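Take a look at the structure set out below.
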Amino acid sequence: MSTSDPEFISPISTDDVEIGPVWVFVAVLRRDIYVTGKELAVFLAQVIIQPLLMLFVFGRILSDLGYTRHGYAHLLFPGIVALTATLTALQSTALPLVIDLSYTKEIEDRLLAPLPVSWVAIEKIIFASMRALVAAAMMFPIGLLILGSIPWSARAVPMLVLVLVLASLVGSALGLTLGTLVPVQRISIAFALVLTPLIFTGCSQYPWPSLSKLPWFQWLTTINPITYSSEGMRGALLPSLPHIASWICIIMLIFSFVLFATIGVKGFLRRAID
Amino acid sequence: MNHVNDAMVEIVDLVKKYKKSTALAVDKVTFAVRRGELFGLLGPNGAGKTTTIGILTTRVHPTSGHAKVAGIDVDRDPVGARRHLGVVPQRNNLDRSLSILQNLLFHAAYHGVPTHERMGRATKLLEQFGLREKGNDRIDMFSGGQAQRAMVARALMHEPDVLFLDEPSTGLDPAARLFVWDRIRELKASGVTIVLTTHDMDEAASLSDRVGIMDHGHLLALDTPSALTRTLPGKSTLEITTSSPGQLSPHRLTQCLGDLGGVERVELLDDLMGSEGDMGEEPSGGKGGHRVRLFLTGSAPPMIAPVASALADLGAALHDVHVGTPSLEDVFINLTGRLLR
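Top to bottom, those sequences are chains A and B.
Heads up, our numbering is the position in the first sequence plus 6, with the first residue counted as 1.
Heads up, our numbering is the position in the second sequence plus 340, with the first residue counted as 1.
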């Protein structure tokens, strides 16, 4: 209330307890969690089908038919978990935001809540990352079920959690960028042009060092942040396998997050306030 | 600058220019709204009303000038300002993932209403807005009127000091419109300061304590509805439609009618008819006829005979007559030369 002019009579509701923006943020986050909770089955189906089929076809079918070498499934698994985290996060921000900001305008009530508008964007990132982490966690029992065994060691957990959290944050920020920068009439083409290349150039289905025979493609994969999530996951779960050094993965993931979160939040502010 | 002591809304020299537009959406607008007042912003679509409301509700950055709500500069402290304002937008933006009741409860949570008070307030508001039975219904099933009422109820959940209503009755059927009007009057009676935009002169005239008339980003006039209509010449109006087989020049018609005793001013409405499009009736202009509004110093009915005979002298006939008193629409026409819609 420091900006009030003395000429103005103090507003009627000053006797109300003013809650801080943090509590408003929690309320906004609670709304998203509540809505997802109501449609938990839909959410799980939405995020699990794609990685499940990828694991099944690439990890199980191709292997059973003898098209892939022994051990490929273990090499694939960390990549698919990383991919699931990033894509789930991306899809949890991008499309809902496009619909919300352009058509339903449902988000307006939250934009009019007493918290900075940028926090609403940050809430979207946090919430999408939470969804992504749930989806990534689901991949472990699913992997065990489909592949029979998955690479696992308790010592890998801290690194694994760190990489997955960063992978989710990067995906959410990327989704925020897409959802706010791409004009609504171009969103389907943008998705086709961005999503599919992201899936196949992110080193999820092959380890990065093995690409040395294809230098141009190896170079190309370095601009896809999913490469660093996949390699980071392999570093955690299959430390003996050649992989990009974990510290490089972490730095690149942090860099990608800061970059896309900055662009995404700016894009969100541009869309939210004229 | 003349501060209004008890101003709940105050804007001074407010300007908004959108990046993609060359014209100013809001052009140096200044006004203040007193506590408890119901203030109407009247103007056609594109007049700058919604932009003005957008700035006051922190959704649009002003290009220059100042805007305050409850004493708080909305551009410098938007978070602070949002605590004191409630918004009912033109379009349904209810949260479709939630029921109506949950819309109200979550809105209260966003605004920090204590948990134990939320349900009580929501139940009361749903009752007041005739939605008691609808609390758990899905939004998709709602009619336009129900959605509008639900949005007003939602906006009131945090007991705002100032309520902004953007075109509150656009698209509603007459019964729903009257219901919303009654609720707005109740709110005013309970002391809420209300700013509403409308392109409906009846709405502006019947609800507002004061009306600001906007067009092309400018505030053209601001006063009570009765004071605004008093600025017009004449006590009553007579709107006539003529039909004439031959070509009657509009100039000659208006001059002739203007010379009649008791006629203060003559306004040719032919062009307005053209812009209005579907009038339901065959526009007279096409048959060599015209539509004219006469502002009279006295009452209208005794003037019908002299007007008819004057027309007969011109070789024209009286096709249709409409007696009225000057309305806000006449004020708008007087100010802009155009119809409101």
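Note that CB positions come from ideal geometry on N, CA and C, so glycine has one too.
Treat the numbers as computed from the prediction; the structure is a model and nothing was measured.
Cut-off 6 angstroms between Cβ atoms - residues of its own chain near residue i, not counting five sequence neighbours on either side
| i | result |
| --- | --- |
| B/GLU621 | Low local confidence applies: a pLDDT of 44 at B/GLU621 is under 50, so the model's placement there is unreliable, and no value is given. |
| A/ASP106 | GLU112 and ILE113 |
| B/VAL453 | HIS498 |
| B/ALA545 | PRO565 and LEU668 |
| B/LYS356 | ALA365, VAL366, THR391, PRO402 and THR403 |
| A/VAL53 | THR94 and ALA141 |
Per-residue DSSP class, three states only, for residue i
| i | result |
| --- | --- |
| B/LYS360 | coil |
| A/ARG137 | helix |
| A/SER16 | Interpretation of A/SER16 is limited by its pLDDT of 33, a score under 50 that renders its predicted location unreliable; the figure taken from the coordinates is listed afterwards. A/SER16: coil per DSSP, three-state reduction. |
| A/LEU259 | helix |
| A/ALA251 | coil |
| A/GLY208 | coil |
| A/THR42 | helix |
| A/LYS130 | helix |
| A/ILE113 | coil |
| B/LEU505 | strand |
| B/GLU499 | coil |
| B/ALA372 | strand |
| B/VAL647 | helix |
| B/GLY383 | coil |
| B/LYS408 | strand |
| A/ALA119 | coil |
| B/THR538 | strand |
| B/LEU588 | coil |
| A/VAL188 | coil |
| B/VAL632 | strand |
| A/ILE25 | coil |
Within chain A, partners of residue i - CB distance below 9 angstroms
| i | result |
| --- | --- |
| B/VAL349 | Those within 9 angstroms of B/VAL349 in chain A number zero; the least Cβ separation is about 11 angstroms. |
| B/HIS401 | ILE279 and ASP280 |
| B/THR397 | LEU118 |
Short Cβ contact (9 angstroms threshold) for residue i with residue j
| i | j | result |
| --- | --- | --- |
| B/LEU588 | B/LEU608 | no |
| A/PHE263 | A/VAL176 | yes |
| A/ALA91 | A/LEU187 | no |
| B/GLY557 | B/THR391 | yes |
| B/THR569 | B/THR676 | no |
| A/LEU121 | A/PRO27 | yes |
| A/LEU184 | A/ILE193 | yes |
| B/THR397 | B/VAL414 | yes |
| B/LEU527 | B/LEU496 | yes |
| B/VAL501 | B/VAL532 | Checking the displayed sequence, the identity of residue 501 of chain B turns out to be Asp instead of Val. It is a contact, given that the beta carbons lie within the stated cut-off. |
| B/LYS389 | B/ASP506 | yes |
| A/SER210 | A/ILE232 | yes |
| B/PHE482 | B/ASN432 | yes |
| B/LEU382 | B/THR577 | no |
| B/VAL661 | B/LEU600 | no |
| B/LEU441 | A/LEU118 | no |
| B/VAL349 | B/VAL409 | yes |
Own chain partners of residue i with C-beta closer than 8 angstroms, once the 5 adjacent residues on each side are dropped
| i | result |
| --- | --- |
| A/LEU35 | GLU129, ILE132 and PHE133 |
| B/VAL671 | ILE553, ALA561, LEU568, THR569, THR571 and LEU572 |
| A/SER235 | ALA88, LEU89, ALA91, THR92, VAL169, LEU170, LEU172, ALA173, VAL176, GLY208, CYS255 and LEU259 |
| B/GLU457 | ALA448 |
| A/SER155 | HIS80 |
Proximal residues of chain A, C-beta to C-beta of residue i below 7 angstroms
| i | result |
| --- | --- |
| B/ILE394 | Per the sequence presented here, residue 394 of chain B reads as Gly, with Ile not at that position. Those within 7 angstroms of B/GLY394 in chain A are ASP280. |
Amino acids of chain B, ordered along the chain, whose beta-carbon sits closer than 8 angstroms to that of residue i
| i | result |
| --- | --- |
| A/THR110 | ASN433 and ARG436 |
| A/PRO231 | Those do not exist, as A/PRO231 stays about 30 angstroms from chain B at its closest Cβ, beyond 8 angstroms. |
| A/VAL41 | SER437 and LEU438 |
Per-residue contacts from residue i into chain B (C-beta, under 9 angstroms)
| i | result |
| --- | --- |
| A/VAL34 | PHE446, ALA449 and TYR450 |
| A/PRO27 | VAL419 |
Cβ shell of residue i (< 7 angstroms), same chain only, five flanking positions each side left out
| i | result |
| --- | --- |
| B/GLY420 | ILE412 |
| A/SER69 | TYR78 and ALA79 |
| A/VAL190 | VAL104 and SER108 |
| B/GLY511 | GLY484 |
| B/GLY617 | Only weak support is given to the placement of B/GLY617: the predicted model assigns it a pLDDT of 38, under 50, and the question is left unresolved by the model. |
| B/THR564 | ASP549 and ARG550 |
| B/HIS659 | THR581, THR582, SER583, SER624 and GLY629 |
| A/GLY270 | ALA127, ALA179, LEU182, THR183 and THR186 |
| A/LEU217 | PHE223, GLN224 and THR227 |
Proximal chain B residues relative to residue i, where beta-carbon distance stays under 7 angstroms
| i | result |
| --- | --- |
| A/VAL30 | TYR450 and GLY452 |
| A/ARG192 | The premise fails here: A/ARG192 is roughly 18 angstroms from chain B at the closest Cβ pair, so nothing lies under 7 angstroms. |
| A/ARG37 | PHE446 |
Using a Cβ-Cβ cut-off of less than 9 angstroms, give me the residues of the stretch 420 to 445 of chain B that come near chain A, in sequence order.
GLY420, ALA421, ARG422, ARG423, HIS424, LEU425, GLY426, VAL427, PRO429, ARG431, ASN432, ASN433, LEU434, ASP435, ARG436, SER437, LEU438, GLN442 and ASN443
Taking a Cβ distance cut-off of 8 angstroms, strictly less, list which residues of the stretch 116 to 133 of chain A are near chain B, in chain order.
Answer set for the stretch 116 to 133 of chain A: ARG116, LEU117, LEU118, ALA119, PRO120, LEU121, PRO122 and VAL123.
Using a Cβ cut-off of 7 angstroms, which residues of the stretch 130 to 154 of chain A contact any Cβ in chain B, in chain order?
none
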